[in-house]
Amino acid sequence: MIFWNQEEAGRLKFVCYSNDGIDEHMVWLIGLKNIFARQLPNMPREYIVRLLMDRSHKSVMVIRHNLVVGGITYRPYTSQKFGEIAFCAITADEQVKGYGTRLMNHLKQHARDVDGLTHFLTYADNNAVGYFIKQGFTKEIYLEKDRWHGYIKDYDGGILMECRIDQKLPYTDLSTMIRRQRQAIDEKIRELSNCHIVYPGIDFQKKEAGIPKKIIKIEDIPGLREAGWAPDQWGHSRFKTLNSSKDSGTNQKHLTAFMRSLLKASPKIYYFSLSFFFSQGLRKNAYPSMHDHVDAWPFKEPVDACDVPDYYDIIKDPMDLKTMSKRVESEQYYVTLEMFIADVKRMCANARTYNTPDTIYYKCATRHVHTLARSPFPKQSPIRHPVKNFAMMCPMDLHTAIMRRSTFTKFSLSIAQIAKRTLVWVIYVSLT
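Residue numbers (my numbering): 3 to 434.
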């Protein structure tokens with residue numbers, strides 16, 4: 003389009019001349035000879051001049067502000083309906099701007115409309131093969147050998163390439179043709195679908211601390227039904243999401259309440275009763291929350307980059323208790339206990355990574371982990387409650403404990419106890 007505008011304004015033109023004796027044309031040919039000599043150093047200058055000034059050769063040139071920018075010299079064999087490209091070059095200052103492609107398109111159209119040619123042949127060196135391939139040339143020669151054999155010159159170290167000239171393509175106006183084709187395709191698609199309608203984005207993708215603002219159902223995505231989507235189009239109803247059932251929703255609430263109790267004591271702990279702790283005489287030794295722990299002060303807020311400028315250059319995945327609390331209260335982020343444990347591990351590991359062992363922050367992280375790893379519950383007889391003892395000693399994920407709550411209830415064992423022992427066991431094994 004840029005070249006088209008320049009051509010329309012007269013600042014750029016493509017001409018085809020040979021040695022016709024006209025002064026202006028001869029000046030342009032001499033300018034093209036100088037470009038060939040500079041850009042094709044392996045070609046002898048005498049050979050370039052001899053072919054360029056040969057009256058059987060033609061040269062298609064790019065003229066800008068009455069100066070030659072580049073050109074292609076070729077010899078048409080009209081009786082055989084093919085042409086041989088001898089030289090092709092663009093001045094060094096104007097390369098990689100599209101002149102080469104535009105020049106080749108003008109050459110093809112002129113050779114087809116004026117000379118009646120159907121094919122081009124050329125010997126290309128290793129540096130020019132890539133350019134000719136982009137212009138539609140191939141290394142396979144499909145032109146009948148009797149049409150070209152004995153006509154063209156053989157060059158040592160060159161690769162013979164061929165290009166078939168299409169008899170219908172408007173080579174000098176390809177951009178307009180492609181634009182019209184694309185417009186016709188778009189109009190046809192609009193008749194068959196409404197994919198051209200652009201819907202607004204989904205707000206839930208905007209996250210704070212990795213927490214989605216809301217959960218959106220698949221069928222509520224704008225434009226999905228209009229595009230032809232059906233609820234059971236691909237049989238997806240056979241697969242259930244994590245929170246699809248009522249039991250899963252209840253389990254998620256249990257999990258959220260439990261993690262909330264671990265992070266910070268709440269005046270109202272949903273779904274969990276802590277009466278078991280006090281009935282066992284553990285009022286003085288009750289398990290402390292992570293937020294209220296004496297060594298939790300370095301982890302309560304995110305690290306301020308103004309105070310520690312290089313912290314976020316070293317720690318790529320920061321974590322703190324405030325961020326964890328936001329994720330817990332969202333009731334959407336921690337869908338498994340393992341995700342919660344991973345953030346606890348990451349928070350303590352970050353402190354150990356950034357700080358040296360002799361710093362208070364490193365020691366707080368270590369003491370915090372060791373405190374979590376100490377179970378506050380009294381020893382139980384392994385004979386009296388075998389199932390209970392097994393649950394205390396072996397790791398178990400919270401969802402499994404909830405699914406087996408009826409079994410543990412028979413032994414006076416609450417899910418909170420199972421989960422709390424599971425958490426401290428995993429943290430201790432992972433971090434110590």
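No residue lacks a Cβ here, since even glycine has one placed at the ideal position from N, Cα and C.
N- and C-terminal bounds of the beta strand (DSSP E) containing residue i
i    : result
G132 : Segment V131 to K136 is the alpha helix (DSSP H) holding G132; no beta strand (DSSP E) there.
I161 : I161 to R166
I87  : F84 to I92
Three-state secondary structure assigned by DSSP to residue i
i    : result
G72  : strand
L42  : coil
S139 : Here residue 139 is Phe; the residue named in the question, Ser, does not match the sequence. Correct three-state label for F139: coil.
K266 : coil
P464 : Given a span of 3 to 434 for the chain in the structure shown, any question on residue 464 remains unanswerable.
Y19  : strand
S195 : coil
V66  : Looking at the sequence provided, one finds Arg at residue 66 rather than Val. Three-state result, R66: strand.
S58  : coil
L14  : strand
Straight-line Cα distance separating residue j from residue i
i    : j    : result
T124 : R182 : 33 Å
S177 : G100 : 13 Å
I135 : S195 : 37 Å
R159 : N128 : It is worth fixing the name first, because residue 159 is Gly in this sequence and not Arg. Approximately 9 Å between the Cα atoms of the pair.
I87  : A11  : 30 Å
I223 : E333 : 22 Å
D294 : D345 : 18 Å
P43  : V71  : 18 Å
D315 : D306 : 13 Å
F342 : M261 : 8 Å
Y356 : I317 : 7 Å
T174 : D56  : 27 Å
A353 : Y133 : 56 Å
Y49  : N36  : 13 Å
Y335 : A94  : 58 Å
C308 : E193 : 57 Å
R47  : C90  : 15 Å
Bounding residues of the alpha helix (DSSP H) (the contiguous stretch that carries residue i)
i    : result
H121 : Here H121 belongs to no alpha helix (DSSP H); instead the beta strand (DSSP E) covers H121 to A126.
V330 : L323 to S332
K347 : L339 to Y356
V296 : Counting along the chain, V296 falls outside any alpha helix (DSSP H), and DSSP gives it neither H nor E.
R47  : R47 to L54
I316 : Y313 to I316
W150 : K147 to W150
T103 : Y101 to D115
For residue j and residue i, believed in contact at Cβ under 8 Å, the rounded distance
i    : j    : result
N21  : L31  : 7 Å
R166 : T120 : 7 Å
L14  : R66  : 5 Å
Contact test: residue i Cβ vs the ligand MN heavy atom, cutoff 7 Å
i  : result
Q8 : This structure does not include the ligand MN; it has no bound ligands of any sort.
Cutoff 8 Å: residue i Cβ touching any chain D Cβ
i   : result
W30 : Absent from the structure is chain D; it holds one protein chain and no more.
- Message: Taking 8 Å as the cut-off, does the segment 74–90 touch the segment 152–164 (at least 3 CB pairs, one atom from each stretch)?
- Response: Counting Cβ pairs under 8 Å, three or more are found: they touch.
- How do the segment 98–112 and the segment 141–149 stand: do at least 3 beta-carbon pairs fall below 8 Å, yes or no? Result no; under three Cβ-Cβ pairs closer than 8 Å.
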